[in-house]
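In the working numbering, the protein residues as written are 109 to 1024.
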């Protein structure tokens, strides 16, 4: 049975059947489990009011009425059937029925009861009157009375729970009055807890404590049970109550008289003889702990001496064991008596090792040889052994000297470390100042003639299209993309338009005769040869922790007269702030979505997904499992995920765009750049693993991915949805929520920066990141890049390796495109370069793919090929890559094999859920 949903009509029906005419929100939330606080204000109507805590029937009660009885009123909800209907008559209808059956005249007893119900308390206790149940029969028949076993009350005015709470509070007030009267007769307005319990019982005291009339506190005793609990009035002074309790529990001074003779005549401190009898006994005796301190022995040793009758003692009226001071002073001045006691002393094995100046493990072996295995050993068993002193006095003196020396050495070490730490801090401050001074100003001669044109808008608003139209008419320039796939699409697009364009990515370089425009991945941009126009696409990547530095460099170092920047509105303020920091004029062009889009009302079913739908999952495994599931249902499917080679992604996307496949199952790789003319985007899941945690998608992510629905000129409109109701609700909320505004772009170190920092390359990179050497004026807009992967690669290089390579080449080397599973291959390549050998060619492997394991293998080998080709494109390493042509050919074969495999059914597990 689905849970009941509270709405305005149902709430009104409930209130009309509640005698008090109001109900607290907590009562509703306990009954209607899915009710959220943000929904409450939507439950009111012309008849129902809400004051923030209570819903009430406007015609029956006002907020002022509620305030007068809210302390004890506990309205109950009437019965609600599973179908949501409320049973029983309304209070108004019951009042009409009551009037119809009302006696024409009340008897004296009846009138007395009816009047009592209109006063405070709103109930009648028949046990405290001479009335009988039979004398009130007519009131029961007419519905004026109800009996809950203890009280009579009017059921049309109050719920039974309200009557019980009112009676409880009245009972507590009566008990409080009784206890208050008794306590106010006592000093400090306090008494032992047992005395209060004898008045009102344990349950009564608990209720008074919960009501706040009284409080409890503990009183320490010097005899068992060593503490007692007292009760005091909350309105009284706590210190006065505490003083009164202590005075009442203090042992009488006269009780100490019998112990004067046992204490003896010797004072512990001649200047403090004691004023009371108790004080005189204490002044002439030691406690066990005090005696141990005086003799520099452990309390356990003194206690053992007392038990062995080597020291006389007695127990005082406060149950404390005392030893005459005369006895302790005699031991302190007698070597013979002291030695007898010291033989009981337990010595730590670690202290013995310190006195003998030998390592602790060696000391343990010595002790085991003589049968001693405990961590503490009696002094009598070891004195004089292995060169130890013959007396405990000498042992303690030697130990103190050794400890003092160890502490001195430790302090000197601490001081030296502190001095070194301060020197390191000073060095780092100076280094940071030098790095800040070397930070680029981003100024050049052509700044005054430059302009940034910022294209902002949602997906499918024509931002990139408009920017490319300007680039196509420029005499020279660049298109800068985050992905090889995007760069390749623009490369093909411009050449089809008759605009000659080169392609430059980390792995390949295609020169077109006569071309002066280059489509490139953004890391390959050369700012000093910017041409007349630069287009920076997906500029929200400025804030990407790993790669954002490349967008920052392109934006701030491009020297073309005009820079077209394409981004969603979330990056606008950040880009404007950065432009202002370099005094670059900026013009903002807002773009609106070109095709309508909506979030569907009801979830889709996986089996019946409409054609031209992108199904979004956030793991490669889920993508492949969904592929198998849908293909088993005879659906034609494309797949797109991040680790697929760009060429394969493009072919899969093209098949979907051309209608060869009905569904494109994709990760968030579709959120950027792929030209997918989809009518619909369906979220298979709304949570993703971000490398650290599984988290809910952000509004920006949902809008970027969902915005792929309804591509202008390719689809009539767009729909965004999900497979489960709860996921659809999240998609709707996130799609229309304001996305987080980007606040910081990223910057990476230059070789010049790293040259200033001492240490290995890994240490240089880590130190640069830790120093955050950004000028104060830019700290509100810039953060250092995430260098974790580069640091991990740098750790694989030794100092000797770095010396052979040189800093610039080593830094270039760690910028290679690696993943965790390709680091070993990268290390093999690095070793070959260091040894001046040819790079290892990726393993030659069968291109046959039957399952996801084969797919894993080929994807990994392609990642190896990407590293090889990336290195082959760097002038520092190109001489070590003689097989680049063959590797590129092999990579293409592997990509073709993957694409062919994805046209077939692969062996994979089924997805976690098929439909909802």
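The beta carbon of each residue, even a glycine, is placed where N, CA and C say it ideally should be.
Determine the extent of the alpha helix (DSSP H) in which residue i is found, giving its start and end residues.
i: residue 454; result: Premise fails: residue 454 lies in the beta strand (DSSP E), 454-456, not in any alpha helix (DSSP H).
i: residue 840; result: 833-844
i: residue 808; result: 807-814
i: residue 134; result: 133-139
i: residue 1004; result: 992-1010
Which class does residue i belong to by DSSP, given the choice of helix, strand or coil?
i: residue 338; result: strand
i: residue 852; result: coil
i: residue 147; result: helix
i: residue 295; result: helix
i: residue 680; result: helix
i: residue 189; result: coil
i: residue 408; result: helix
i: residue 123; result: helix
i: residue 948; result: coil
i: residue 380; result: coil
i: residue 911; result: helix
i: residue 485; result: strand
i: residue 880; result: coil
i: residue 326; result: strand
i: residue 1018; result: Residue confidence for residue 1018 is low, a pLDDT of 45 falling below 50, so the modelled location carries little weight; the figure read from the coordinates is stated next. It is coil, neither helix nor strand.
i: residue 898; result: helix
i: residue 732; result: helix
i: residue 932; result: helix
i: residue 300; result: strand
i: residue 870; result: helix
i: residue 672; result: strand
i: residue 964; result: helix
i: residue 446; result: helix
i: residue 248; result: helix
i: residue 503; result: helix
i: residue 988; result: helix
i: residue 969; result: helix
i: residue 181; result: coil
Locate the beta strand (DSSP E) running through residue i, then write down its first and last residues.
i: residue 706; result: 705-707
i: residue 429; result: 429-432
i: residue 367; result: Here residue 367 belongs to no beta strand (DSSP E), and DSSP marks it neither H nor E.
i: residue 830; result: 826-830
i: residue 724; result: 721-724
i: residue 660; result: First-last for residue 660: 656-665, but that is the alpha helix (DSSP H), not the beta strand (DSSP E).
i: residue 698; result: 694-698
i: residue 795; result: 795-797
i: residue 266; result: Where residue 266 is concerned, there is no enclosing beta strand (DSSP E), given that its DSSP letter is neither H nor E.
i: residue 394; result: 393-395
i: residue 164; result: 162-165
i: residue 804; result: 802-804
i: residue 774; result: 771-774
i: residue 789; result: 788-791
So residue i and residue j are supposed to be a Cβ contact under 8 Å. How far apart are they, rounded?
i: residue 999; j: residue 970; result: 6 Å
i: residue 1026; j: residue 629; result: Residue 1026 lies beyond the range of the chain shown here (109 to 1024); nothing can be said about it.
i: residue 131; j: residue 122; result: 7 Å
i: residue 913; j: residue 942; result: 6 Å
i: residue 707; j: residue 791; result: Wrong, their Cβ atoms sit about 10 Å apart, outside the cutoff.
i: residue 430; j: residue 395; result: 6 Å
i: residue 771; j: residue 539; result: 55 Å between Cβ atoms; not a contact.
i: residue 374; j: residue 392; result: 6 Å
i: residue 615; j: residue 977; result: 4 Å
At a cut-off of 7 Å, is residue i close to the ligand GDP when judged by its beta-carbon and the heavy atoms of the ligand?
i: residue 834; result: For the ligand GDP, the structure offers nothing, since it holds no ligand at all.
Within the segment 508-596, ranges of the beta strand (DSSP E) (whole runs, at least 3 residues): 559-564 and 585-589
Assess contact between the segment 800-818 and the segment 843-863, defined as three or more Cβ pairs (one per stretch) separated by less than 8 Å. Is contact present? yes
Ignoring anything shorter than 4 residues, give me the alpha helix (DSSP H) runs that lie fully in the segment 594-651, in order along the chain. none
For the segment 303-314 against the segment 199-210, do three or more pairs of beta-carbon atoms, one drawn from each stretch, fall closer than 8 Å, so that the two count as touching? no
Taking one C-beta from the segment 521-539 and one from the segment 473-493 each time, how about it: are there three or more such pairs within less than 8 Å? no
Looking at C-beta atoms only, is the number of pairs between the segment 893-904 and the segment 866-874 that lie closer than 8 Å three or more? yes
Specify whether the segment 756-770 and the segment 677-697 touch according to this definition: at least 3 beta carbon pairs, one from each stretch, less than 8 Å apart. no
Between the segment 728-738 and the segment 981-1000, do at least 3 Cβ pairs fall closer than 8 Å? no
Segment contact flag, the segment 825-840 with the segment 710-719, C-beta cutoff 8 Å, min 3 pairs: yes
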